[in-house]
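Take the sequence shown: its position 35, counted from the start at 1, is 42 in my numbering, and no numbers get skipped.
Where is the CB? At the ideal position from N, CA and C, for every residue including glycine.
These numbers were taken from a predicted model, which means no experiment stands behind them.
Below: one structure, written as structure tokens.
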Amino acid sequence: KLNIIDKAHCLCDGHLLERAIQNLITNAIRYGNKLVKVSIAVKGKYAHIYVEDDGDGIEEKDRNKVFSAFTRLDKSRDKSSGGFGLGLAIVQRICQWHQGTCIVDKSEQLGGAKFILKVPIL
8 KLNIIDKAHC
18 LCDGHLLERA
28 IQNLITNAIR
38 YGNKLVKVSI
48 AVKGKYAHIY
58 VEDDGDGIEE
68 KDRNKVFSAF
78 TRLDKSRDKS
88 SGGFGLGLAI
98 VQRICQWHQG
108 TCIVDKSEQL
118 GGAKFILKVP
128 IL
């Protein structure tokens, strides 16, 4: 169940949290086809930031791998075309520094990947 509230407060490093969200959105744009959806909700003591796309998604067996440094699931990408495979590892590390986490699932609405960044609220 989602709580509808006017505002939530999180003790965080704004620059780092912005970087994590930016990395998720950049990936959604890169791997999605046309649509990217960003939303936020409060569940319990956590703010959940959702970034979803309409791309091919990430197979369930590969979902934990994407957070490992230097991992690229798309074999057609290399350092010259797709970065170093560090973006999601950085996202996960930033979440851990904030006592939160990031998980990946399948987007029920758009069909592609759905990243859920969770950070505690005050």
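Contact check, residue i vs residue j, beta carbons under 7 Å
i: residue 117; j: residue 61; result: yes
i: residue 47; j: residue 36; result: no
i: residue 40; j: residue 94; result: no
i: residue 122; j: residue 96; result: no
i: residue 65; j: residue 126; result: no
i: residue 49; j: residue 27; result: no
Counted within 10 angstroms of its Cβ, other Cβ atoms place residue i as buried (16 or more) or exposed
i: residue 105; result: buried
i: residue 45; result: exposed
i: residue 114; result: buried
i: residue 129; result: exposed
i: residue 34; result: buried
i: residue 99; result: buried
i: residue 59; result: buried
i: residue 107; result: buried
First through last residue of the beta strand (DSSP E) which encompasses residue i
i: residue 124; result: 120-127
i: residue 48; result: 43-50
Under the three-state DSSP convention, the category residue i falls into
i: residue 56; result: strand
i: residue 110; result: strand
i: residue 68; result: helix
Span of the alpha helix (DSSP H) around residue i
i: residue 99; result: 94-104
i: residue 23; result: 21-38
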